[in-house]
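Okay, structure first, notes after.
Numbering (my numbering), first residue to last: 692 to 781.
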């Protein structure tokens, strides 16, 4: 039998970007996941947490290096323009 994950474990997976719900960056939430439900008298049961664990998707973020190439091209153009200005002034 699979043990139900805690709300902290579910939140950690969401914050790390494993579920595809957000990017992998810590979320400085005012209240941790599950706090609002507990305050309302409806804390997540073990069955609810098992269902969440079973139905979540595992998302793998693909890194696109296009930003690296654009950054390199801009730096290269600035260097060429600077050389052109300096050498043209001589």
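Ideal Cβ positions, reconstructed from N, Cα and C, are used throughout, including at glycine. The structure displayed is predicted, hence computed values, not measured ones.
Buried or exposed (CB count within 10 angstroms, at least 16 for buried), residue i
i	result
residue 698	buried
residue 695	buried
residue 757	exposed
Three-state class that DSSP yields for residue i in the structure shown
i	result
residue 704	helix
residue 649	Residue numbering for the chain in the displayed model covers 692 to 781; residue 649 lies beyond these limits and cannot be assessed.
residue 779	helix
residue 747	coil
residue 763	helix
residue 726	helix
Supposed close pair residue i, residue j - CB separation, criterion 8 Å
i	j	result
residue 705	residue 713	6 Å
Within 8 Å, strictly: CB atoms of residue i and residue j
i	j	result
residue 744	residue 735	no
residue 710	residue 741	no
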